[in-house]
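Chemist:
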Amino acid sequence: MGGAHEDNLTPRTMRLRTQLLVACVLGAGAAAALWYGRPKEVDAAVPTPAAVTAVAPGAGSGRFVLTDSQLATVTTVPVEQRLFYEDIATEGKISVDEYRATPVFSPYAGRVITIFARSGEQVRQGDKLFSLQANEMVQAQNDFLAALNVLNKSRSQLSYATNNEKRLHDLYDSRVTTLKELQTAQNDLATAQNDAKTAEVGLEAVRNRLRILGLKDGDMTALQTKGAINPETTIYAPLSGTVIQRKIGPGQYINTGGGDPSYVIGDLGRIWIVAQLRETDAAKVDLGERIRFRTLAYPNQTFESRINYIGASVDPATRRIVVRAEVDNSKGLLKPEMYASVHIINERETVSRAVPRQAVIFEGDKARVWVLGAGNTVESRPVKTGFLDGNDIEVTEGLSVGERVISKGALFIDGMTDQPG
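In terms of full-length UniProt numbering, the sequence shown has 92 at position 92, counting the first letter as 1, and numbering is strictly consecutive.
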């Protein structure tokens with residue numbers, strides 16, 4: 001049926017259908033052309049970031065021109081001239097000023113009875129530290145009483161000899177006695193006088209011994225009056241200060257002589273910072289050099305002083321040299337044995353060129369910077385660097401004072417040069 005209908009179409013109708021079909025095909029082609037051509041036109045209309053333009057042809061020329069918009073994204077700074085300090089980093093610790101502290105040893109062996117002063121407490125000269133029972137003190141007190149008894153006897157004999165010599169002298173003047181008896185009395189008097197002097201010297205020797213052992217004159221007076229030996233003896237503070245260490249406890253038996261002291265008392269108003277200097281840095285440090293340090297307890301606070309002591313020898317085990325400085329500690333922040341991170345500043349007397357640390361790009365043992373020239377031109381230039389002081393780095397070769405280098409954005413520029421042209 002469909003075929004019969006097509007057979008009835010006239011030639012005019014066939015031509016119209018053909019023209020209509022061609023028009024549809026042409027319209028579709030035009031639409032397709034517009035569609036596929038549109039992205040290129042749109043892309044061409046949308047602005048793209050300006051690329052870095054090479055002044056000299058060829059990759060790796062190291063010289064480029066930045067657009068104004070690119071220049072606005074980076075920071076440039078001038079090369080300055082300033083005094084540089086070599087920063088020698090090492091470690092150290094807080095120590096007691098040995099000229100303001102003293103170890104307290106017991107003058108005799110014995111057993112500790114009572115502790116009066118504790119670590120961290122303030123004591124004054126003459127305050128009680130601890131007491132103990134000591135055989136040596138008991139023996140010294142006994143010797144004191146014995147010497148006192150000898151002195152009393154010798155004084156009695158001296159008094160008798162003095163009276164006897166006077167009596168016989170009067171009798172001899174009255175011709176009642178003989179010269180021989182008078183001379184005998186005079187000899188007895190001389191002997192009694194010598195014995196009394198010897199007894200006085202002996203008593204004073206025992207007194208001095210008791211003073212050395214820590215007994216005060218008032219205690220000796222009480223001992224002389226009462227005649228009772230006290231087995232418990234008190235040790236007193238030899239100077240005023242802070243109890244830095246206490247190394248004994250009740251019931252502990254302590255000896256005299258070497259070993260650890262019973263107490264360490266010192267003035268912590270000034271302390272020492274003791275640093276360990278590497279042997280390789282020994283020639284760089286002199287007396288009077290500035291030293292700065294921080295502690296774990298106060299990581300955001302920097303303490304500063306000047307070196308006043310450099311060790312005369314190298315520790316054979318650590319290959320380090322001790323350097324030391326006095327530090328004011330009137331606020332009591334620093335404690336003995338605190339660990340410290342130390343920086344010794346070697347102050348140089350010559351000035352050098354300086355740029356920010358972030359302006360320098362390091363590649364192995366080489367360094368370079370981006371230098372901004374006329375017409376927004378940037379150039380990669382090799383430099384030689386020196387000391388690092390804070391955020392600045394010393395440049396010994398490659399730059400002149402007043403030239404401008406890219407600091408913030410140097411790595412961005414460096415990365416753009418690696419993009420394929």
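All C-beta atoms in this analysis are idealised placements derived from N, C-alpha and C, irrespective of residue type, glycine included. Quick caveat: nothing in here was measured; it's all calculated off a predicted structure.
Could you confirm whether any beta carbon from chain B is found closer than 8 Å to the beta carbon of residue 86?
Modeler: No chain B is part of this structure, which consists of one protein chain only.
Chemist: Assuming contact is defined by CB atoms lying nearer than 8 Å, are residue 232 and residue 94 in contact in what I supplied?
Modeler: Their beta carbons are not under 8 Å apart, which means residue 232 does not touch residue 94 by this criterion.
Chemist: Going along the chain, which residues of its own chain have a beta-carbon closer than 8 Å to the beta-carbon of residue 105, five neighbours each way excluded?
Modeler: Only 256, 257, 261, 262 meet the Cβ criterion.
Chemist: Take the Cβ of residue 125 as the centre, count every other Cβ of all protein chains shown within 10 Å, and call the residue buried at 16 or more, exposed below.
Modeler: Classification of residue 125: exposed, given that the 10 Å Cβ count is below 16.
Chemist: Taking the runs of the alpha helix (DSSP H) that are 4 residues or longer, which of them lie wholly in the segment 205 to 275?
Modeler: The segment 205 to 275 contains these whole alpha helix (DSSP H) runs: 217 to 226.
Chemist: Assess, as a yes-or-no matter, whether the segment 116 to 133 is touched by the segment 270 to 290 under the definition of 3 or more beta carbon pairs within less than 8 Å.
Modeler: Not touching, per the Cβ criterion.
Chemist: In the structure shown, what three-state DSSP assignment does residue 131 receive?
Modeler: The answer is strand: DSSP assigns residue 131 an E or B state.
Chemist: So, using beta-carbon positions, are residue 101 and residue 267 closer together than 8 Å?
Modeler: Yes, Cβ-Cβ distance for residue 101 and residue 267 is below 8 Å.
Chemist: Any idea which residues DSSP pairs residue 354 with across the strands?
Modeler: Looking at the DSSP assignment, residue 354 forms a beta bridge with 80, 394.
Chemist: Kindly list the residues whose CB is nearer than 8 Å to the CB of residue 249, restricted to its own chain and excluding five residues on each side of it in sequence; keep chain order.
Modeler: Around residue 249: 112, 115.
Chemist: From what residue to what residue does the alpha helix (DSSP H) around residue 72 run?
Modeler: Per DSSP, residue 72 belongs to the alpha helix (DSSP H) from 68 to 72.
Chemist: Can you look up residue 346 in the DSSP assignment and give me helix, strand or coil?
Modeler: In the structure shown, residue 346 sits in a strand (DSSP, three-state: E or B).
Chemist: Quick test of the definition: if touching needs 3 or more C-beta pairs under 8 Å, does the segment 399 to 413 touch the segment 371 to 380?
Modeler: Touching, per the Cβ criterion.
Chemist: Counting along the chain, where does the beta strand (DSSP E) carrying residue 309 start and finish?
Modeler: That run of the beta strand (DSSP E) goes 303 to 310.
Chemist: Opposite residue 316 in the DSSP bridges: which residues?
Modeler: In DSSP, residue 316 forms no bridge with anything.
Chemist: Confirm, please, whether the CB-CB distance from residue 203 to residue 145 is below 8 Å.
Modeler: No, Cβ-Cβ distance for residue 145 and residue 203 is not below 8 Å.
Chemist: If we ignore side chains and look at the alpha-carbon of each, how far apart do residue 340 and residue 332 end up?
Modeler: If you take the alpha carbons of residue 340 and residue 332, they lie about 16 Å apart.
Chemist: I'd like the span of the beta strand (DSSP E) that includes residue 386, first residue to last.
Modeler: Run containing residue 386: 377 to 389, per the beta strand (DSSP E) assignment.
Chemist: Among the residues of its own chain, which have a CB less than 7 Å from the CB of residue 194, if the five just before and after it don't count?
Modeler: Excluding positions up to five away in sequence, the list is empty.
Chemist: Within this structure, are the beta carbons of residue 288 and residue 307 separated by less than 8 Å?
Modeler: Yes, the Cβ-Cβ distance between residue 288 and residue 307 is below 8 Å.
Chemist: Can you name, in chain order, every residue of its own chain whose Cβ lies under 7 Å from the Cβ of residue 364, other than the five neighbours on each side?
Modeler: Same-chain partners within the cutoff: there are none.
Chemist: On the DSSP bridge list, what partners appear for residue 110?
Modeler: Paired residues: 254.
Chemist: Taking just the CA atoms, how far does residue 222 sit from residue 246?
Modeler: Going from the Cα of residue 246 to the Cα of residue 222 covers about 30 Å.
Chemist: When the Cβ atoms of the segment 385 to 394 are set against those of the segment 85 to 99, are three or more pairs found closer than 8 Å?
Modeler: Judged by Cβ distances under 8 Å, the segment 385 to 394 makes contact with the segment 85 to 99, as three or more pairs qualify.
Chemist: Taking C-alpha atoms, which residue in 293, 310, 309 lies nearest to residue 302?
Modeler: Checking every option, the nearest Cα to that of residue 302 belongs to 293.
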